[in-house]
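Keeping their order, the protein sequence lines are chains A and B.
Its first residue numbered 1, the first sequence is counted upward by one per residue in this note's numbering.
Its first residue numbered 1001, the second sequence is counted upward by one per residue in this note's numbering.
Take a look at the structure below.
There are 2 protein chains.
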Amino acid sequence: MIGIFDSGIGGLTVVKEVFRQLPDYQIVYFGDTARTPYGSKSEETITKYALQDAQFLIEQGAKIIIVACHTASAVAAETLKKHLHVPVFEVVTPAINKALAVTKKKRLGIIGTTATIASGIYQQRLKATNRDIAIITQACPLFVPLVEERWTKKPETKMIAKRYLYSMTLKQIDTLVLACTHYPLMRDVIQQKIGRRVKLVDPAAEVVAEVKRFLEAQPEIEKSLVQGEAHKFFVSDITDKTRQSAKDWLERPVRLEKHLLE
Amino acid sequence: MIGIFDSGIGGLTVVKEVFRQLPDYQIVYFGDTARTPYGSKSEETITKYALQDAQFLIEQGAKIIIVACHTASAVAAETLKKHLHVPVFEVVTPAINKALAVTKKKRLGIIGTTATIASGIYQQRLKATNRDIAIITQACPLFVPLVEERWTKKPETKMIAKRYLYSMTLKQIDTLVLACTHYPLMRDVIQQKIGRRVKLVDPAAEVVAEVKRFLEAQPEIEKSLVQGEAHKFFVSDITDKTRQSAKDWLERPVRLEKHLLE
């Protein structure tokens, strides 16, 4: 099984990509809805939660882990790689690789949660590539609650997007990384406010493409992941809205099971 | 000590009222910032968290508990009263009493989180009073993140407030209960959009007034609460923003100590 976790159900955007790119694989998902969101919390707390999330997936039979949550990828991926005995994929590295391949002007924008942007992970990783890239970041903390309220088409959301993105438009970026699972769900507004010429990078598609390449090179692991059983979706808290959003975002019916961590 | 808990640091609005109305009393506060917010979570999860929060305060020496969080008050107060061996005060009852005393047209508005409004607690309690009161409720889930982003004066916030409150203005309420700890922090915008003639009820002031009456009638308990030691403020997660908001909202310096539950 491929284990995928997120701070909530936004990570279902990654599940959708697995369905698209790796349709034969069985998935076990965990969304930490009882403690969501992670993006406004401290590194210490996020790391602790991420370790618990991943360990639960391994107990459920996951043979590889995808960290769908950008905040956890930015803050906790190194700790996860050190402590877990299965391959760990996070969304930052493939997003950077794609952005570097796409940008022509060498001017990248990154938008994410407060914790993701404050981590400085994108600057740090891009510096390590030794390439001459300008990077402009912007935390957009209101985007997650706006998506969760299904306000993606409302004029207030457009105004807020304009406020967050305006300074980036002045800085002439040509590529923008949507560094939060929820942001692809408001892709239209973001594209409209950042301008049609800016290319958007959705890390969900990129991380799954990376996993696909990895699996093709590792036939041994690959076999253990394809079992033909039903996918499993666990969350730590369930409300009517969780159920409705899960169905809408995944664009198919989904049975959520409750599992408490701690 | 008076124990006060909230899902985060919004409950400091209740602490401020204790400073104002009961300046001699020692406070122990717990804000569950590692799991905030409660308002979008299920009744089961909120009740579990509220019990843990209150039990921690009792371990710290609290002799009475104030549930500053509306969501926990609406969903978990009865369970807390049944399980704890100290007096428990919640914010719904005093808010209702004040609103009933204030309204002339017998038309009340209630705004709160999704969980508070979905609980139906206000309708239920008002029905129990057997009084002929019309009650109009509205969940305003974006107000908490807007306050936390310090966007209370932004035009986007005014537009969102107008969208949430417009239907209430048509329904001719004359009294509006701010049924979430964060809402008094955006009182000006709410007053502007609901109209100057509508009276706003801040439950923080009301619950502390109720506690004051209780203490005056119980000199035995009163003595054990005044100890002259420093107030204690615990939170389950600390970021720079937590520190800054705590200081701003309390309008005095405050030393936050980290304490993890579970």
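Even glycine gets a Cβ: it sits at the ideal position worked out from N, Cα and C.
Quiz item: For the candidate residues L1215/B, K1048/B, G1008/B, whose alpha-carbon lies nearest to that of C1069/B?
Solution: G1008/B
Exercise. Can you give me the Cβ contacts of V1091/B inside the same chain, cut-off strictly under 6 Å, excluding the 5 residues immediately before and after it?
Key: H1070, S1073, P1203, V1207
Practice problem: Give the DSSP-derived three-state secondary structure of V235/A in the structure shown. | Solution: strand
Quiz item: In chain order, what residues of the same chain lie with their CB nearer than 6 Å to the CB of E1321/B, ignoring the 5 residues before and after it?
Solution: Beyond the ends of chain B as shown, which are 1001 and 1262, falls residue 1321/B; an answer cannot be given.
Exercise. Can you grab the Cα-Cα spacing for the pair T181/A / L1250/B, in whole Å?
Key: 34 Å
Self-check item: DSSP-derived helix/strand/coil call for Q1026/B
Solution: Coil, per DSSP.
Quiz prompt | Residue from G112/A, T33/A, D248/A, A95/A whose Cα sits closest to the Cα of L142/A | solution = G112/A
Quiz item: In terms of residues, what are the limits of the beta strand (DSSP E) holding I65/A?
Solution: 64 to 67
Practice problem: Go ahead and label S1042/B buried or exposed: buried means 16 or more other beta carbons lie within 10 angstroms of its beta carbon, across all protein chains shown. | Solution: buried
Quiz item: Shorter than 7 Å from the beta carbon of I160/A to some beta carbon of chain B?
Solution: yes
Exercise. Drop a sphere of 10 angstroms on the beta-carbon of G1120/B, count the other beta-carbons inside from all chains shown, and report buried for 16 or more, exposed for fewer.
Key: exposed
Quiz item: At a Cβ cut of 9 Å, what residues of the stretch 1116 to 1148 of chain B count as close to chain A, listed as they run along the chain?
Solution: A1118, P1141, L1142, V1144, P1145, L1146, E1148
Quiz item: Is any beta-carbon of chain B found at less than 7 Å from that of S167/A?
Solution: no
Exercise. Say whether the stretch 1042 to 1061 of chain B touches the stretch 1081 to 1101 of chain B, bearing in mind that this needs 3 or more beta-carbon pairs closer than 8 Å, one atom from each stretch.
Key: yes
Exercise. Specify the secondary structure class of A139/A as computed by DSSP and reduced to three states.
Key: Here A139/A sits in strand by DSSP.
Quiz item: Does the separation of the CB atoms of Y1025/B and F1233/B fall below 7 Å?
Solution: no
Exercise. Answer yes or no: does any C-beta atom of chain B fall closer than 7 Å to that of S42/A?
Key: yes
Practice problem: Give the range of the beta strand (DSSP E) segment to which A179/A is assigned. | Solution: 175 to 179
Quiz item: In whole angstroms, what separates the C-alpha of E1148/B from that of L260/A?
Solution: 27 Å
Quiz prompt | Residue-chain proximity (R35/A, chain B), Cβ-Cβ < 7 Å | solution = yes
Practice problem: Counting only runs of 4+ residues fully inside the stretch 44 to 108 of chain A, write out the alpha helix (DSSP H) ranges in chain order. | Solution: 70 to 83, 92 to 102
Practice problem: Show which residues of chain A have a CB atom less than 9 Å away from the CB atom of T1071/B. | Solution: Correct list: empty, because the minimum Cβ distance to chain A is about 12 Å.
Quiz item: Taking the alpha carbon of D32/A as the point to measure from, which residue in R20/A, V14/A, I46/A has its own alpha carbon closest?
Solution: I46/A
Practice problem: May I ask you to list the residues that DSSP assigns as paired with V263/A? | Solution: Because chain A here runs from 1 to 262, residue 263/A falls outside it and cannot be looked at.
Quiz item: Counting contacts by CB-CB distance shorter than 7 Å, is T239/A in contact with chain B?
Solution: Chain B contact via Cβ: present.
Quiz item: DSSP three-state call for L126/A: helix, strand or coil?
Solution: helix
Practice problem: Please confirm whether P1173/B and R1107/B have their CB atoms less than 7 Å apart. | Solution: The sequence as given places Ile at residue 1173/B; Pro does not occur at that position. A contact, by the Cβ cut-off of 7 Å.
Quiz prompt | Cβ pair S236/A, A101/A closer than 7 Å | solution = no
Self-check item: Helix, strand or coil at A134/A [DSSP, three-state]
Solution: strand
Quiz prompt | Spatially closest choice to K1212/B from D1006/B, G1010/B, V1014/B, by CA coordinates | solution = V1014/B
Quiz item: Should P1145/B go down as buried or exposed, given a rule of 16 or more other Cβ atoms within 10 Å for buried?
Solution: buried
Practice problem: Could you please give me the residues that DSSP links to E1257/B through a beta bridge? | Solution: According to DSSP, E1257/B bridges with F1234/B.
Exercise. Would you please verify whether the beta carbon of T1045/B is less than 7 Å from any beta carbon of chain C?
Key: Among the protein chains in the structure shown, which are A and B, there is no chain C.
Quiz item: In chain A, what lies closer than 8 Å to E1156/B by C-beta?
Solution: E156, M159, I160, R163
Self-check item: Under 7 Å between C-beta atoms of E1262/B and E262/A
Solution: yes
Quiz item: Does the separation of the CB atoms of V177/A and V201/A fall below 7 Å?
Solution: Cβ distance < 7 Å, so V177/A and V201/A count as in contact.
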